[in-house]
Amino acid sequence: MATIYLIRHGQASFGDDNYDRLSETGWEQARVLGRWLAGRVTPNVVIGGNMRRHRETVEAIASGYRQSFPDMQVATGFNEFDHASVVHRFRPEWADRERMLAELEASGHPAKTFQQTFVKAVQRWVSAEHDDDYPESWSQFKTRVQLALDDLIQWADGGDVFVSTSGGPIAIIVQSLLGISDSKALGLNEMIANTSVTRVLYSGKRRSLAVFNNYGHLEAEDPGLVTFR
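Residue 0 is where the sequence shown starts when you use numbering that gives the first Met the number 0, and the numbers rise one by one after that.
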């Protein structure tokens, strides 16, 4: 059976004007992954969403890999859901970025406060009680990701594939493979580490989860590189 390696992007730049780019830690995480993959796996195809953090993750992996590495092909179905839209529908005042940052700083625990708010915002989105509020509903997001996986498997035609994507799409794919609830899928999403590798085996229409959220490459080189946001 061939393998799809679902790779969560490196740490993004939380709090910066442009979140959608890797932090210095994110670049190093992906270089470490590239070094770890070199000599172990030779991908036939490399796929990524069209988000900057997906592209930069592939660039950093290729830098660490050092061997011949395929150019990344874009598949927008593997993009993350619109975090900003989800949060702003729950906390409209946070559309003012300066106000959001000020409130987070005033909480004394910015990262923790944001995460708590984010979880509640996502729960509102997933509930399906406010679908008209969002440019993409939870059910539409799930369908998009599942179709992207179907298209990829048909196109890859039995080869090993690297996919640079985000936690949301990885959680949705795992959910579909294991048949778990939405709430459990959300719980998985919170656990997925930056540059972790989730392996899906496939052959024709058969698909199975082989490995979930492996970030041993980071722990082996520098445990301080392990991040989840």
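Glycine included, every Cβ here is placed at the ideal spot set by N, Cα and C. From a predicted model like this one, the values you see are computed outputs, not experimental measurements.
Rounded to whole angstroms, E92 and M99 show a C-alpha spacing of 7 Å.
Membership of Y4 in any alpha helix (DSSP H) is not indicated; the residue belongs instead to the beta strand (DSSP E) covering A1 to R7.
The segment 4 to 85 contains, as complete beta strand (DSSP E) runs of 3+ residues, the segments 44 to 47 and 71 to 73 (chain order). Scanning its chain for C-beta atoms nearer than 7 Å, with the 5 sequence neighbours on each side dropped, one finds around K141 the residues I171, in chain order. By the CB criterion at 7 Å, R206 and Y4 fall outside the cutoff. Less than 7 Å divides the Cβ of S163 from the Cβ of V57. Excluding sequence positions up to five before and after L146, its CB lies within less than 8 Å of the CB of G76, all in the same chain and listed in chain order.
Between the segment 165 to 184 and the segment 62 to 72 there are fewer than three inter-stretch CB-CB distances shorter than 8 Å, so the stretches are not counted as touching.
Sequence-distant partners of V144 (beyond 5 residues in either direction) whose C-beta falls short of 8 Å from its own C-beta, in its chain, are G76, F77, G167, P168, I171 and I172. With a threshold of 16 other beta carbon atoms within 10 Å, R96 falls short and is exposed. A192 carries a coil assignment under DSSP once its states are collapsed to helix, strand and coil. In the three-state DSSP reduction, T112 falls in the helix class (H, G or I). Excluding residues up to 5 positions away in sequence, M0 lie with their Cβ nearer than 6 Å to the Cβ of S202 in the same chain.
For M190, the number of other beta carbons within 10 angstroms of its own is below 16, and it is reported as exposed.
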